[in-house]
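Below you'll find the structure, written out as C-alpha cells, and then a few comments.
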Amino acid sequence: MRAYTPKDNVQAKPYYTDRFYISPQVPKEAIENDAVFAADLAAIKAKFEVSDAYIQVGQMVVYIHAKNNYGVLELLRDELEYTQLTEMSAIDWLAKENKFEIFYQMLSMNKRKRVRIKMFIENGQAVNSVNELFRSADWSEREMFDMFGIEANGHPFMKRILLPYDWQGHPLLKTYPLEGDEFAAWYEIDKIYGKEARDIIGPELRDPARVDRYDSERFARLGFEVPKGTVITGHEPKTEQSYQEEGGVFMIKKFDKKSSVVIDDPQR
Amino acid sequence: MAQHKINYTQDGGLPVALTSIDKIVNWGRSNSLWALTYGLACCGIEMMASGASRFDFDRYGTIFRASPRQADVMIVAGTLTKKHAEFIKRLYDQMTEPRWVISMGSCANTGGMFNTYATVQGVDRIIPVDLYLPGCAPRPETLQYGVMLLQKKIRANKAGNAQKPKRLM
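Protein chains in written order, with our numbering: chain A, 1 to 268; chain B, 269 to 437.
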C-alpha cells in the first residue's frame, strides 16, 4: 500500500510537488533485435545521416538531421512501404537546450510496423513541409504552427487552425500558462466590448467551486432569495420555490399533488 | 322578448374573459417561448432530448428554432470558447426583444472544469443571463423546470415598453 500522506489543505497544493517530474524512460532495445527495422535503417543510412536509432515499445525511433526530413519521409513512403503519416507534432525543449523536437509517426500496413522519425530544430527555425508527400500533414503542420509557432516552409496555407487568427501566443509552449496570459484572459472582452470594458466586466473568476453565501451580487441561496445587492444577515425569510404563482395563471391549470392520483397497479 | 339576456362577465355566457393587457401579453409570451438551438457541447444532447418525444418540450409551447430572429430564449448549452464568444454576442443581438437567456450547465455558468486559456469563464461575461441551471449535464427535467421558472419570471414582469432592455454594460 502507498504510504499515508496528510490530506489537509490538499487542494491548495498541486498534486505533484515536483512540477518538473520526469517519468522513468521505457527501456530501449538495439535495432539488431528486429530484422525488418534493421533493413529499413540500413536503407535510410545509405542516403541520409542518422544520429541515433533504437527500438522502443516495438517501434523504431530514428533521429535525423532537420534538413533531410522531406527526403527521409519520401524514402520511407516510396521504397520502404511506410505509406501513412499517422501523427506529427513537436515537443518543447526550449528550457533545457533551446530546441524543439519534431516527430513524424509513420505506419506501414504491409509490414505491420511503426517508425518514428525525430529531429531537432533551433528556436525560430522553420521546417520543410511534408504536405506534398502526405495530405495528413496539412492540418498537423498548421496545428504545430498554432501550438508551438513552428512554421513549415512550402505549406500552402500556413495559418492557425484551432485558435482565432488574431490570437497572440502559442499555448503548447511550456512557458505558456494553462489559464492563459493577459491577452488570453481579456481576449473576448477586448474583442467584443473594447478595452475600456475591462473595468466594468471585471477579471475572470477562475475558481468554479467558489461559493460566497454573503455575496448577493453573484450568488442566491436557494429558498432564501433576496434582491441583488442586499446585505445578507442570516435571517432572510424562506421563500417557497414553485413553478407557478399561488393564485394560478390565466387559462393554465396548476398541477395539484394532493388531488392527483398515483397509479400503483401497472396492469390497471 | 329578451329571452337571451346574457351576463357577459360570467362563465357560461359568451366566451368572454376579462383580464389585463399585461396578463394576456405575458400569457402569450410565456407559453410560446421559442428557443434558439445553441448546443455547444454535451449539454446540447440533453437539450435535444428535452425537445424529443420522451420529454416533449412542445407541451410548453417551446419549439426550437434555427434562426435567432424567430427565437425568444437562447439556451446556451455547453462550453463557450473564446473563439466563439463574438458569435454568441452577434446571435444574441440578432434576437428580437424581449429576449431571455438560459445558461445551461456548469460550463456555461462558470467555465466549469475548463479552467483553461481558451474557455470563457461564464457566458454572463458576454451576454446577460436570466437563469442559471446547475449540473454537468442537467437532466431534461431540470431544463424543463428552468423554462417553467422562466415563464414565471416573464409573468411577473410588466409587458409594455416600460420594461428596460437588459444590457451587460
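By construction, the Cβ of each residue, glycine as well, lies at the ideal position given by its N, Cα and C atoms.
Within the DSSP secondary-structure output, A:Asp-52 pairs in a beta bridge with A:Tyr-63. For B:Ser-371, the enclosing beta strand (DSSP E) covers residues 368 to 372.
When C-beta distances to chain A are compared with 9 Å, every residue of the segment 334 to 345 of chain B stays at or above that value. Contact between the segment 171 to 186 of chain A and the segment 121 to 138 of chain A is not established, with fewer than three Cβ pairs separated by less than 8 Å. The Cβ of B:Ala-427 sits no closer than 8 Å to any Cβ of chain A.
Rounded to the nearest whole angstrom, the CA to CA distance from A:Glu-49 to A:His-65 is 7 Å.
For A:Tyr-70, the enclosing alpha helix (DSSP H) starts and ends at 69 to 78. In the structure shown, A:Glu-87 falls within a strand segment according to DSSP collapsed to helix, strand and coil.
Classified as buried, B:Met-315 has 16 or more neighbouring CB atoms from the shown chains inside 10 Å of its CB. Put simply, of B:Lys-420, B:Lys-291, B:Lys-351 and B:Gly-414 the residue whose alpha carbon is nearest the alpha carbon of B:Met-342 is B:Gly-414. Looking from the CA of A:Lys-47, the closest CA among A:Glu-29, A:Val-61, A:Ala-184 and A:Asn-68 belongs to A:Asn-68. With a minimum length of 3 residues, the unbroken runs of beta strand (DSSP E) contained wholly in the segment 90 to 115 of chain A fall at 99 to 108.
In the three-state reduction of the DSSP assignment, B:Phe-325 falls in the helix class, which pools H, G and I. Setting aside the 5 residues that flank it on each side, B:Gly-346 is surrounded in the same chain by Gly-307, Leu-308, Ala-309, Cys-310, Cys-311, Gly-312, Gly-373, Cys-375 and Ala-376, each with a C-beta closer than 7 Å to its C-beta; the list follows chain order. Beta bridge pairing from DSSP links A:Met-158 with no other residue.
The DSSP-derived three-state label of A:Tyr-187 is helix. Take the alpha-carbon of B:Gly-390 and the one of B:Cys-404: they are about 14 Å apart. A:Phe-120 carries a strand assignment under DSSP once its states are collapsed to helix, strand and coil.
In this structure, A:Ala-90 lies near A:Ile-150, with their beta-carbon atoms less than 8 Å apart. At least one CB of chain B lies nearer than 8 Å to the CB of A:Phe-250. Interface flag for A:Lys-45 against chain B is unset, since no Cβ pair is found closer than 8 Å.
Closer than 8 Å at the C-beta level to chain B, one finds these residues of the segment 186 to 200 of chain A: Tyr-187, Glu-188, Ile-189, Lys-191, Ile-192, Tyr-193, Ala-197 and Ile-200. By DSSP's assignment, B:Tyr-400 forms a beta bridge with B:Ser-371. For B:Met-342, the enclosing beta strand (DSSP E) starts and ends at 341 to 345.
The shortest CA-to-CA distance from B:Leu-418 to any of B:Lys-291, B:Arg-297 and B:Ala-334 is the one to B:Arg-297.
With a threshold of 8 Å between beta carbons, B:Gln-362 makes no contact with chain A. Of the candidates B:Asp-324, B:Ser-318, B:Phe-323 and B:Glu-354, the residue whose Cα lies closest to the Cα of A:Asp-166 is B:Glu-354. In this model, A:Glu-143 and A:Gly-234 are separated by some 53 Å (Cα to Cα).
Counting the other CB atoms within 10 Å of its CB gives B:Arg-367 a total of 16 or more, which places it among the buried residues.
Residue state for A:Ile-201 is assigned as helix, using DSSP reduced to three classes. In terms of CA proximity to A:Arg-77, A:Val-115 leads the group A:Leu-222, A:Val-115 and A:Ile-31. In the DSSP assignment, B:Ile-292 falls within the alpha helix (DSSP H) that extends over 289 to 298.
The DSSP-derived three-state label of B:Arg-333 is strand.
In this structure, A:Ile-117 lies away from A:Val-57, with their beta-carbon atoms at least 8 Å apart.
For B:Thr-287, the chain A residues whose Cβ falls inside 7 Å of its Cβ are Phe-250, in order along the chain.
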